[in-house]
Amino acid sequence: MADLQAREPLIFELSKPGRGAVTQYPPRVSGAADVPEHLRRAVPPALPEVSELQVVRHFTRLFRR
Numbered sequence: 024m025a026d027l028q029a030r031e032p033l034i035f036e037l038s039k040p041g042r043g044a045v046t047q048y049p050p051r052v053s054g055a056a057d058v059p060e061h062l063r064r065a066v067p068p069a070l071p072e073v074s075e076l077q078v079v080r081h082f083t084r085l086f087r088r
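Numbering (the numbering used here), first residue to last: 24 to 88.
Next comes the structure, spelled out in structure tokens:
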């Protein structure tokens, strides 16, 4: 119970530039050109750069809460 009271760091606080796992990211879609220009992202989404193991541990801790 004591560890549930401890502050859980945000996944963005665990982020370090250059970290990541290829399997976390969605595959490139070949039909992306079918998306109208006005609906496409101008910049990539701001996602945390964490390892796959950190993602699993983070969401496991959240699930247990």
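Don't be surprised by glycine CBs; every beta carbon is placed ideally from N, CA and C.
DSSP three-state call for Phe35: helix, strand or coil?
To locate residue 35, count along the sequence shown from 1; it is residue 12. Coil.
By the three-class DSSP mapping on this structure, what secondary structure does Val66 have?
On the sequence shown, residue 66 is found 43 positions in, with the first residue counted as 1. Here Val66 sits in coil by DSSP.
Taking C-beta to C-beta, are Ser38 and Glu72 nearer than 8 Å?
If you number the sequence shown from 1, residue 38 lands on position 15. If you number the sequence shown from 1, residue 72 lands on position 49. The answer is yes: Cβ separation under 8 Å.
Along the chain, where does the alpha helix (DSSP H) containing Val78 start, and where does it finish?
Stepping through the sequence shown from its first residue, residue 78 is reached at position 55. Start and end: 75-87.
Which value, in whole angstroms, describes the spacing of the CA atoms of His81 and Ala29?
Numbered from 1 along the sequence shown, position 58 holds the residue referred to as residue 81. Numbered from 1 along the sequence shown, position 6 holds the residue referred to as residue 29. The straight-line gap from Cα to Cα measures roughly 14 Å.
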